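Colleague: In our numbering, the protein residues as written are 2 to 169.
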Ligand SMILES: [Zn+2]
Ligand SMILES: [Zn+2]
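Written as structure tokens, this is what we have:
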């Protein structure tokens, strides 16, 4: 084996690794942007709810309203308005619902977004949604989980309401 063969083998291995990593990464990004965009209604810039002249930087995970950089508070990757940031920090949160979406049915998590909006609009139950990814090594795909979190003491009420919401 000469030096050129060794060099070719090494560069081929490198290339394959890069393609492999790129494949997973692209899939992950595609999924993430699909779900993150679901919460955005309409297009174009929106202004802050309490500062009408300021462009909104993002929306609150709990109330869904749009807020400027001064109003938005961030915890890890979660955005909250000032009021709900306080609520987030002063409450104990628990996972009320968890839906696994699959490649061929990636829209079955949508019901959680609709349910969240419904209980917020009608009863002002504070909840927020997070998306989790897990690589399934055996089946070679990324599993996506959509989870709804609520204040621990609301857990049973939320689950009961979801049962009747999803059966209608
Ligand atoms: Zn809020
Ligand atoms: Zn503001």
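Just so you know, even glycine gets a beta-carbon here, dropped at the ideal spot from N, CA and C. Owing to the predicted nature of the structure, the values given are computational and were not obtained by experimental measurement.
Give me the Cβ distance between residue 63 and residue 81, rounded to the nearest whole Å; I'm assuming they're in contact under 8 Å.
Modeller: At roughly 6 Å, the Cβ-Cβ gap stays under 8 Å, so residue 63 and residue 81 are in contact.
Colleague: Tell me whether residue 172 sits in a helix, a strand or coil according to DSSP, three-state version.
Modeller: This structure cannot speak to residue 172, because the chain is shown only from 2 to 169.
Colleague: Would you say residue 164 touches ligand 2, meaning its beta carbon is less than 7 Å from a heavy atom?
Modeller: For ligand 2, not one heavy atom lies less than 7 Å from the Cβ of residue 164.
Colleague: Is the separation between the beta-carbon of residue 142 and that of residue 133 shorter than 8 Å?
Modeller: Not closer than 8 Å, so no.
Colleague: Please report how far the alpha carbon of residue 162 lies from the alpha carbon of residue 92, in whole angstroms.
Modeller: One C-alpha to the other measures close to 21 Å.
Colleague: In whole angstroms, what separates the C-alpha of residue 74 from that of residue 87?
Modeller: Rounded to whole angstroms, residue 74 to residue 87 spans 9 Å at the Cα level.
Colleague: Is the beta carbon of residue 61 within less than 7 Å of some heavy atom of ligand 1?
Modeller: Yes, the beta carbon of residue 61 sits closer than 7 Å to at least one heavy atom of ligand 1.
Colleague: DSSP three-state call for residue 60: helix, strand or coil?
Modeller: Residue 60: strand per DSSP, three-state reduction.
Colleague: Do residue 156 and residue 95 count as a contact pair if the criterion is CB distance below 8 Å?
Modeller: Yes, Cβ-Cβ distance for residue 95 and residue 156 is below 8 Å.
Colleague: Going by other Cβ atoms of all chains shown within 10 Å of its Cβ, with 16 needed for buried, is residue 60 buried or exposed?
Modeller: Buried is the call here.
Colleague: Using DSSP's beta-bridge definition, name the partner residues of residue 151.
Modeller: DSSP output for residue 151 lists 95 and 128 as bridge partner(s).
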